Amino acid sequence: MPFNDLEAMEDALRGRDVAAVIMETIPATYGFPLPNPGYLEAVKLLCEKYDALYIADEVQTGLMRTGELWGITKHGITPDILVTGKGISGGLYPIAAVLATEKAAGWLNEDGFGHISTFGGAELGCIAALKTLEICSREETRSMVHYIADYVGMRLAEVQATYPDWFIGIRQNGVILGLEFAHPQGAKYVMRHLYENGVWAIFSTLDPRVLQYKPGILLKPEVAEEMLDRTELAIGKAYAEIRNERRSA
């Protein structure tokens, strides 16, 4: 389903044979394209109109990365089901979670044991998840996310001004960023040079022009500064590498 294409979404739902729409609030593998104003809200209304559940995948956009605990709440949407994982473990013990409204989860009262999980009942994981949620919900964490987002956005804009024909786009919501480059595989080049400079980031599988760039929400200012210094160096080296390849071709 094309992202931000409301007409295509309604065409898919019109037959009333779709059980649910499952969607990342900001799709990671597409390079974090930002939803058009009103798009997600309109999709939720279409789900209600055509009797489909709205399932928000918040694995990458949740846990204060957008400046709110869940990215979907910035759009005023209460999804029928919300899924989260990875980061909710606090990096300590693997765990994921499914949150559902009373209406969406009603079937569990009738046939709950028919859908038990092989890896469910992770007591240590629950302890880690609860502490992660508590830390992410702190006001000082929210303030730090806003600080990091503003600083990273400012520094990257300066780098973009240095390489305007190479570093052509910054997609940002909080500390979720997609960095777009003017080469079909541009993010792969930048990713490699970032790795060599000690910064982890990854190209977008479905759009390798775009680098998924996601600073941690608890970065200290001095670490954020060093990260951006290394990022600027990597972007410059990738640009030089591609220029050399073109000259040699």
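Residues 13 to 261 (the numbering used here) make up the sequence shown, in order.
In this text, a Cβ means the ideal position worked out from N, Cα and C, and glycines have one as well.
Quick caveat: nothing in here was measured; it's all calculated off a predicted structure.
Closest by C-alpha distance to residue i, when choosing among the options
i    : options                : result
T144 : E170, A108, Y225       : A108
E80  : K226, N185, V235       : N185
L111 : T90, E122, L136, L168  : T90
E36  : A169, N256, I214, G74  : G74
R204 : D23, M21, L245, Y51    : L245
Y268 : F15, Q172, D162        : Lying before the first or after the last residue shown, residue 268 is absent from the chain, which here runs from 13 to 261.
T85  : L104, I247, G50, D162  : G50
K249 : G228, E234, T174, A261 : T174
L104 : G27, L136, W82         : L136
Cβ-Cβ distance between residue i and residue j below 8 Å
i    : j    : result
V202 : I160 : no
V71  : T96  : yes
P220 : A199 : yes
H158 : I254 : no
L191 : F179 : yes
A141 : S101 : yes
L58  : A32  : no
H87  : E114 : no
L46  : I34  : no
R154 : M239 : no
I247 : V171 : yes
Residue burial classification, residue i (beta-carbon count within 10 angstroms, cutoff 16)
i    : result
S216 : buried
V211 : buried
W119 : exposed
C138 : exposed
M156 : buried
V164 : buried
Q197 : exposed
Y225 : buried
V235 : exposed
D92  : buried
P233 : exposed
Assumed close pair residue i, residue j - CB separation to whole angstroms, cut-off 8 Å
i    : j    : result
L168 : I182 : 5 Å
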